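S.K.: Following this message is one structure expressed as structure tokens.
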Amino acid sequence: MIGPDLLDMADLDAEAITTILDTAEGFKDVALRPIKKVPTLRGRTVCNLFFEDSTRTRISFEIAEKRLSADVINFSAKGSSVAKGESFKDTALTLQAMGVDAIVIRHAASGAAQQLTRWVDARVLNAGDGTHQHPTQALLDLYTIRERFGRVEGLEVAVVGDVVHSRVARSVCQGLVTMGAHVTVVGPPTLLPPALETWGVRVSHDLDAVLPGLDVCYLLRVQRERMHAQFFPTSREYARIWGLDADRLAVLPEHAAILHPGPMNRGVEITADVADAPNALITEQVSNGIAVRMSVLYLLLGGEEGAEA
Amino acid sequence: MSSTLFTFTGARVVDPASGRDEIANVVVEGDRIAAVGEDSRGLRIDADGLVAAPGLVDLHVHLREPGGEDAETVASGTRAAALGGFTAVCPMANTQPVCDHVGVVEQVLRLARDAGHCDVYPVGAITRDLAGAELAELGSMAAIGVNCFSDDGHPVQSAQVMRRALAYAKTWDAIICNHSEEATLTAGAQLNEGEASTRLGLAGWPHEAEEIVVVRDLILAEGLGARLHVPHVSTAGTVELVRAAKARGVRVTAEATPHHFALTDARAEGYDAVNKVNPPLRTDADVAAVRAGLADGTIDAIATDHAPHAPEHKEQAWLHAPCGMLGLETVLAVTLTELVHTGVLTLAQAVEKLSTGPARTRDIAGHGGPIAPGQPANLVLFDPEARWRVDAAKLASRSRNNPFDGAELRGQVLHTVLRGRFTTRDGETVEVGEPAGARA
């Protein structure tokens, strides 16, 4: 069951995820055509409602929307009515009154996407809410992993780094577990929230012990500012203990893939040479993101009209 | 008022102060109770099936006036209190301006007197402007009757300030009530740290932040022989700390809120910020510990921490919404539903926690019983069985942030009597000057 909204990876079972990934495969070809456009969402209006700065995710969604021929509105909180003090609810009611068909929302507050569904009839796509969820990121990661290995089930995956502050970690771990991967979350205890075992993952603080058995090493962004709140002493020490560098890359099995949701902090969680290594799939993640977002928009909005495309 | 003469007939009189729990008539003459027993004089008001208890007393409310009148006023908050069965409430000091001097205390007292719904016993601030640095003029406030001081919502961080406040307040044997929260552990915190906060991506609010300050304050109060009140106990650890302190003779009292004995952090699911509160909703284990603390006397009082917020503030993203919940109009029913009908407390114990206990811990004379001849007629009559559904839109409070909105509760207030005058009659407000027996 997919929809009516896409808020949380917990709402998607393995069948739904498979449908999304299969559909994305079909859309990936669009990027290879001379005219990169299908008429699927012609006449549909999609609003990209971004309360938080984001370049990568917004551009990815915007390309996906335009390739599906949707009418696209970009709403950024800066310089808008929000900056003049309009409440989140009033912004939502305004969009509702304007009759948009879908809202892609990015917000600094966890739960904002779910709250939005209370006030609008439009389909809501969560493009990242606080430290809660970022489901399209998880879906594009699953797509990238499946594309590389032909499956997700049974793979050994480590998710490494700042889990407590990461919406990506929540979505990715859920998606991987749902699809049958074996997930180990790795990082210093200060960056791992309590009750992680309820996610169906293993927890480790020792990256070196985990690396040799991995199929996928998923590195999370570690913001340098975190060291000012004593999550770790220095980014140099973090890099030495939990960062992926060339020495650790050598320990990783040759077939293993390296993923990162970006933007990378080269020199903290990943060194430059690892980021550019052949088994780093970071640019594939970015291009797959467009196909996966097209797939989700199509499945949530396309319906019967979409079928004729 | 000397013409007032009526009798509640056939009520179950539950009065912890006298130990009475029996069917009796209660005769009210003027502003006093004239008789309890078989006597019946004046207007007869059938109270068959109802419980007659001393008017409820709330140690912890926010009436928001002065300064926050969009959310609540003294008149609207005390009207809500009377509808909830209260005859006395203790408003906290975090108004604008702060209740850290005599002027605001007198203003709140006058507003409450004019409204006439409920007695108020304002809590003064511990420190000027709730800033935690310089002591407020406790003595001048004590001189006009303030006997409890709190920077509620702004925990006193400095051990030195806290120690001085406890010591200084001993002059009047006054109570220091410190919101227990170690602020560096709760910077940015949104929800009890645990499975729910991890899953929902809300910054964790560790239970240790409460317990560390409770430990410190208990040690300070013990050393000084000073009176300490621990507000809104929310963790199992705090219950245990207070229990142990009482056992060794520390002069400590404690309160728990209805939301901390009835709700858990699972309520954050869905991100409705009506469930955002300080201290946060905790876990099942904490709820069980708070209930046990109420049952064994560790926790003396149920207090609502009634904290109105205008809808536009609560209808924000969880991260941006303020903390606080309404409680005055639902606490009796929540207590009956969650604690009495489930067998955690007897009815007499519930009345003790909602009336006699809080009046005793705060030395509030004339409230909390006993229901006996010559005593002020401060009474609540409620139907312990009646089922009703909470509709936040119909509350007398100016705000709507009641977490029990939509819930079916068991137990309903019919009448509240303040010194012989009905403030609530048949579940409806009676304004000052309205004939008391109009709907008889």
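Sequence order for the protein chains is A and B.
Every position in the first sequence, counted from 1, becomes a number in our numbering once 4 is added.
Every position in the second sequence, counted from 1, becomes a number in our numbering once 57 is added.
Backbone N, C-alpha and C define an ideal beta-carbon position, used for all residues, glycine too.
In this text, all values refer to a predicted model and were calculated from it rather than measured experimentally.
Anything in the stretch 188-200 of chain A with a Cβ closer than 8 Å to a Cβ of chain B? List those residues in chain order, please.
M.R.: The stretch 188-200 of chain A vs chain B, Cβ under 8 Å: 197, 198, 199 and 200.
S.K.: How many angstroms separate the CA atom of residue 437/B from the CA atom of residue 257/B?
M.R.: Cα to Cα, residue 437/B sits roughly 42 Å from residue 257/B.
S.K.: Given this structure, state the Cα-to-Cα distance separating residue 440/B from residue 347/B, to the nearest angstrom.
M.R.: For residue 440/B and residue 347/B, the distance between alpha carbons rounds to 25 Å.
S.K.: In the DSSP output, which residue or residues are listed as bridge partners for residue 403/B?
M.R.: In DSSP, residue 403/B forms no bridge with anything.
S.K.: Which runs of the alpha helix (DSSP H) spanning at least 4 residues fall entirely within the stretch 305-366 of chain B, listed in chain order?
M.R.: Taking only runs of at least 4 residues, the alpha helix (DSSP H) segments lying wholly in the stretch 305-366 of chain B are 315-319 and 341-352.
S.K.: Shorter than 8 Å from the beta carbon of residue 375/B to some beta carbon of chain A?
M.R.: Residue 375/B counts as touching chain A.
S.K.: Identify whether residue 433/B lies in helix, strand or coil by the three-state DSSP scheme.
M.R.: The answer is strand: DSSP assigns residue 433/B an E or B state.
S.K.: Are three or more beta carbon pairs between the stretch 73-92 of chain B and the stretch 477-485 of chain B nearer than 8 Å?
M.R.: The answer is yes - the stretch 477-485 of chain B touches the stretch 73-92 of chain B, with three or more Cβ pairs under 8 Å.
S.K.: Does any residue of chain B have a CB that is nearer than 8 Å to the CB of residue 136/A?
M.R.: With 8 Å as the cut-off, residue 136/A counts as an interface residue toward chain B.
S.K.: In or out: residue 306/A buried (at least 16 other Cβ within 10 Å) or exposed?
M.R.: It counts as buried.
S.K.: Cβ of residue 321/B less than 8 Å from any chain A Cβ?
M.R.: Judged by the 8 Å Cβ criterion, residue 321/B is not in contact with chain A.
S.K.: Find the residues of chain B that neighbour residue 92/A, judging by a C-beta separation of less than 9 Å, and give them in chain order.
M.R.: Per Cβ cutoff of 9 Å: 372, 373, 374 and 377.
S.K.: Mind checking the stretch 251-270 of chain B against chain A and listing, in chain order, the residues whose C-beta falls within less than 8 Å of any C-beta there?
M.R.: So the close ones are 251, 252, 254, 255, 256, 257, 258, 259, 260 and 261.
S.K.: Given this structure, state the Cα-to-Cα distance separating residue 214/B from residue 289/B, to the nearest angstrom.
M.R.: Going by the C-alpha atoms only, they are around 17 Å apart.
S.K.: Could you have a look at residue 246/A and say whether DSSP puts it in helix, strand or coil?
M.R.: Note: residue 246/A maps to helix in three-state DSSP.
S.K.: Between the Cα of residue 181/B and the Cα atoms of 174/B, 163/B, 172/B and 175/B, which residue gives the shortest distance?
M.R.: Among 174/B, 163/B, 172/B and 175/B, the Cα nearest to that of residue 181/B belongs to 163/B.
S.K.: Apply the 10 Å Cβ neighbour rule to residue 217/B and answer buried if 16 or more other Cβ atoms are within range, or exposed otherwise.
M.R.: Flag for residue 217/B reads exposed.
S.K.: Just the C-alpha distance for residue 335/B and residue 210/B, rounded to the nearest angstrom, thanks.
M.R.: Spanning the two alpha carbons is a distance of roughly 8 Å.
S.K.: If you compare alpha carbons, which of 239/B, 117/B and 170/B is closest to residue 206/B?
M.R.: Ranking the options by Cα distance to residue 206/B, first place goes to 117/B.
S.K.: Name the residue from 140/A, 188/A, 150/A and 177/A whose alpha carbon lies nearest to the alpha carbon of residue 160/A.
M.R.: Residue 188/A is the option with its Cα nearest to residue 160/A.
S.K.: Pull up the distance between the alpha-carbon of residue 182/A and that of residue 141/A, whole angstroms please.
M.R.: Going by the C-alpha atoms only, they are around 15 Å apart.
S.K.: Using a C-beta to C-beta distance shorter than 7 Å, which residues of chain B count as neighbours of residue 111/A?
M.R.: 374, listed in chain order.
S.K.: Indicate whether at least one CB of chain A lies closer than 8 Å to the CB of residue 239/B.
M.R.: No - not a single Cβ of chain A is within 8 Å of the one on residue 239/B.
S.K.: Determine the DSSP secondary structure at residue 469/B, reduced to helix, strand or coil.
M.R.: Here residue 469/B sits in strand by DSSP.
S.K.: Between the beta-carbon of residue 139/A and the beta-carbon of residue 255/B, is there less than 8 Å?
M.R.: Contact: no.
S.K.: Report yes or no: is there a C-beta of chain B within less than 8 Å of the C-beta of residue 206/A?
M.R.: With 8 Å as the cut-off, residue 206/A does not count as an interface residue toward chain B.
S.K.: In this structure, does DSSP put residue 170/A in helix, strand or coil?
M.R.: It is coil, neither helix nor strand.
S.K.: Could you list which residues in chain A have their beta carbon closer than 7 Å to that of residue 327/B, in chain order?
M.R.: Those within 7 Å of residue 327/B in chain A are 118.
S.K.: Is there a Cβ from chain B that is less than 8 Å from the Cβ of residue 174/A?
M.R.: Chain B contact via Cβ: present.
S.K.: Applying the 10 Å Cβ sphere with the 16-neighbour rule, what's the burial state of residue 85/A?
M.R.: By the neighbour-count rule (16 or more Cβ atoms within 10 Å), residue 85/A is not buried but exposed.
S.K.: Closest to residue 216/A by C-alpha separation, out of 21/A, 279/A and 256/A, would be which residue?
M.R.: Closest option to residue 216/A, Cα to Cα, is 256/A.
S.K.: Where do the N-terminal and C-terminal ends of the alpha helix (DSSP H) with residue 279/B fall, by residue?
M.R.: Looking at the DSSP string, the run of the alpha helix (DSSP H) that includes residue 279/B is 265-281.
S.K.: Could you please tell me which residues of the stretch 156-186 of chain A, in chain order, have their CB closer than 7 Å to any CB of chain B?
M.R.: Hits within the stretch, in order: 171 and 174.
S.K.: Quick one: is residue 58/B buried, meaning 16 or more other Cβ sit within 10 Å of its Cβ, or exposed?
M.R.: With a pLDDT of 45 at residue 58/B, under the threshold of 50, the modelled position of that residue is not reliable, and no figure is offered here.
S.K.: Check whether chain B comes within 8 Å of residue 114/A, counting only Cβ atoms and requiring the distance to be less than that.
M.R.: Answer yes: the Cβ-Cβ gap between residue 114/A and chain B drops below 8 Å somewhere.
S.K.: How far does the beta strand (DSSP E) with residue 526/B in it reach, from first residue to last?
M.R.: Because chain B is modelled from 58 through 497, residue 526/B falls outside the range shown and cannot be assessed.
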